[in-house]
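Numbering-wise, full-length UniProt numbering puts 97 at position 97 of the sequence shown, and it's gapless, one number per residue. Here the structure is laid out as structure tokens; the discussion comes afterwards.
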Amino acid sequence: MEHIEIFKALSNKSRLQMLEWLKEPELNFPGQEPYGFEHGVCVGQIQAKAGLTQSTVSEYLAILQRAGFIESTRVGQWTYYKRNEKTFIALSKIIEFNL
Numbered sequence: 001m002e003h004i005e006i007f008k009a010l011s012n013k014s015r016l017q018m019l020e021w022l023k024e025p026e027l028n029f030p031g032q033e034p035y036g037f038e039h040g041v042c043v044g045q046i047q048a049k050a051g052l053t054q055s056t057v058s059e060y061l062a063i064l065q066r067a068g069f070i071e072s073t074r075v076g077q078w079t080y081y082k083r084n085e086k087t088f089i090a091l092s093k094i095i096e097f098n099l
């Protein structure tokens, strides 16, 4: 896990919001409720909530995924994202022991 990539991913307000929304997907993405959250949240739901272009949302999600904050699952033509809580635990250890 590259420390610079982690902090770089967190340096954007919209990316931080996405991570916050994904922490409680049932509360933040009610439009997906009928389909469930087994695989995470559909990228279309994230884009609609963020109010950003598809390309911007895709780039932000790619940055978060490279840093390890989220994981993706492809189901048919849809891509779903969910938080990788292990990275948040590792981040707290980085901060605790290195800063």
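By construction, the Cβ of each residue, glycine as well, lies at the ideal position given by its N, Cα and C atoms. Predicted, not measured: the structure shown is a model, and the values here were computed from it.
Taking 7 Å as the threshold (C-beta atoms), are residue j and residue i in contact?
i	j	result
ALA50	VAL57	yes
GLN45	GLY31	yes
GLU96	ASN84	no
ASN12	TRP21	no
Could you say which of the options lies nearest to residue i if we only look at CA atoms?
i	options	result
PHE37	ASN98, TYR81, ALA90, ILE95	TYR81
GLU2	LEU64, TRP78, GLU24, GLU85	LEU64
THR79	LYS86, PHE97, GLN54	GLN54
ALA48	SER14, ARG66, ALA62	SER14
ARG74	VAL43, ILE94, LEU52, ARG66	VAL43
Just how far apart, CA to CA, sit residue i and residue j?
i	j	result
LEU19	PHE69	8 Å
ILE6	TYR35	31 Å
GLN77	GLU59	18 Å
LEU91	LYS23	16 Å
GLU33	THR87	26 Å
HIS39	ASN98	34 Å
ILE94	LEU52	31 Å
Going residue by residue through the UniProt domain "HTH arsR-type" (1-99), where are the continuous alpha helix (DSSP H) segments of at least 4 residues, counting only ones entirely within it? Contiguous alpha helix (DSSP H) elements confined to the UniProt domain "HTH arsR-type" (1-99) occur at 3-9, 13-23, 25-28, 43-50, 54-66, 85-98, taking only those with 4 or more residues.
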